[in-house]
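Everything below concerns the one structure shown next.
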Amino acid sequence: MRTPIIAGNWKMHKTVGEAVTLVRELLAGLGAVHDREVVICPPYTALFPLRPLLVGTAIQLGAQDVFYEAQGAYTGAVAPGMLVDVGCRYVIVGHSERRQYFGDTDASVNRKLLAALGSRLRPIMCVGESKPQRDSGEAEPVVTAQVRAGLAGVPAEQIAEVVIAYEPIWAIGTGDTATAADAQAMHLAIRQTLAELYGEERARAVRIQYGGSVKPENVDELMAQPDIDGALVGGASLKAESFLRIVHFQ
Ligand code: 13P
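In this note's numbering, the protein residues as written are 614 to 863.
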């Protein structure tokens, strides 16, 4: 029903040369993948050089962020059409690191998501609670509010194009994964929110990824949960061996 989607978020890692090397290793070890999607999100500087290596392969290209305007005097920003131009199919919006260090808010994330959809890019929208929010029992209302705000104005016909990534902030880069049961509970809450917004059937079509210390050792258990449809992988996507093992989850 939902095609699983494994995405690697390389964050601010890899020169062009290193990126080319990693992609060659990934392609060499990938084999045939028909029942899952594989996406890599390198830094902007590596997108264009990687494109020719990926054409006709099972690995799709994504970016880590985008601005919501189409062009203009926005120093340092990259437009959705520019990402399409270099071969991107996906773009991450609203990663917690963007929210923390670059001032992204639910409102700007929503604008980015709508701009991405308008350019036929598939947005991967990240949501997730902080440790204090989890400890005080607010995780679910915080995350479902992020989902509602981020999706404002998305028409029902386009909701299946959106991927949601649940990334509890306290699990990112810490080695501290949410338990499969906790992750599943949040994914279910997100899907219920989608059902309230778009109806049951459309909610069933949306892929929800888990992110936060996904590793070869925990991916199988996470992916076995009924509402976990993929993974957004940081650190473990930087080495071919670990990313390939995650891609080949059972
Ligand atoms: P880690 O897999 O390194 O915890 O990072 C997760 C993440 O932020 C992916 O977007």
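We put the CB at the ideal spot given by N, CA and C, even for glycine.
Gly-675 - partner residues in DSSP beta bridges
Tyr-703
Which first and last residues belong to the beta strand (DSSP E) in which Val-845 is found?
Reading off the sequence, residue 845 comes out as Leu, not Val. 843-846 is the span of the beta strand (DSSP E), which, as asked, contains Leu-845.
Inspect the beta-carbon positions of Ser-749 and Pro-693 and report whether they are closer than 8 Å.
no
What residue from Arg-735, Gly-766, Phe-715 and Leu-764 has the CA that sits closest to Ala-620's CA?
Arg-735
Nearest by alpha-carbon distance to Lys-828: which of Ala-752, Arg-804, Gln-822 and Ala-844 is it?
Ala-844
Can you tell which of Gln-677, Asp-678, Ala-676 and Met-695 has the C-alpha that lies nearest to the C-alpha of Gly-685?
Met-695
Would Ile-859 pass as a contact of Ile-841 if the rule is Cβ separation under 8 Å?
no
So Gly-763 and Val-722 are supposed to be a Cβ contact under 8 Å. How far apart are they, rounded?
5 Å
Please state whether DSSP places Gln-822 in a helix, a strand or coil.
strand
Cβ-based neighbour list, Val-755, same chain, cut-off 7 Å, excluding 5 preceding and 5 following:
Glu-742 and Gln-746
Alpha carbons only, please: which of Arg-711, Ala-676, Gly-707 and Arg-712 is nearest the one belonging to Val-697?
Ala-676
Quick check on the burial criterion: 16 or more other C-beta atoms within 10 angstroms. Buried or exposed for Arg-637?
exposed
Grouping DSSP H, G and I as helix and E and B as strand, with all else coil, what is Glu-854?
helix
Residues sharing a beta bridge with Arg-735, DSSP
Tyr-703
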